[in-house]
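The block underneath contains the structure these notes are about, expressed in structure tokens.
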Amino acid sequence: MEYKKMINTELIPIRELLERIDKKLDGKFSHKYLNINEVARISSLSPSTIRRAVARGELKCVRRKGKLIFKDSEVHKWISG
Numbered sequence: 001m002e003y004k005k006m007i008n009t010e011l012i013p014i015r016e017l018l019e020r021i022d023k024k025l026d027g028k029f030s031h032k033y034l035n036i037n038e039v040a041r042i043s044s045l046s047p048s049t050i051r052r053a054v055a056r057g058e059l060k061c062v063r064r065k066g067k068l069i070f071k072d073s074e075v076h077k078w079i080s081g
């Protein structure tokens with residue numbers, strides 16, 4: 001009986017709050033990140049060509065643990081010129 005009271009008075013309002021937060025956040029973090037092989041596949045270019053574009057400053061990326069990571073929006077902007 002004590003657990004049912006706790007569920008109704010404490011857990012249900014918390015769940016409702018989390019659902020409202022989830023609805024507000026939905027779509028706000030829609031950036032997808034790609035690795036160099038995914039960028040190469042999308043652009044039909046080799047990974048070395050992608051690396052040269054990064055070195056020339058033509059394509060923005062971040063380095064995480066020694067790997068190049070690209071925002072898909074930046075990649076599509078770069079591909080479309």
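Positions 1 to 81 (full-length UniProt numbering) are the ones given, in order, by the sequence shown.
Even for Gly, the Cβ is constructed at its ideal location relative to N, Cα and C.
Of all C-beta pairs linking the stretch 6-16 to the stretch 44-61, fewer than three are shorter than 8 angstroms, placing the two stretches out of contact. Residue nearest to residue 53 within the set 64, 66 and 74 is 74 (criterion: CA-CA distance).
In the structure shown, residue 59 adopts coil according to DSSP, grouped into three states.
The three-state secondary structure of residue 32, taken from DSSP, is coil. A Cβ-Cβ separation of about 7 angstroms places residue 35 in contact with residue 69 under the 8 angstroms criterion.
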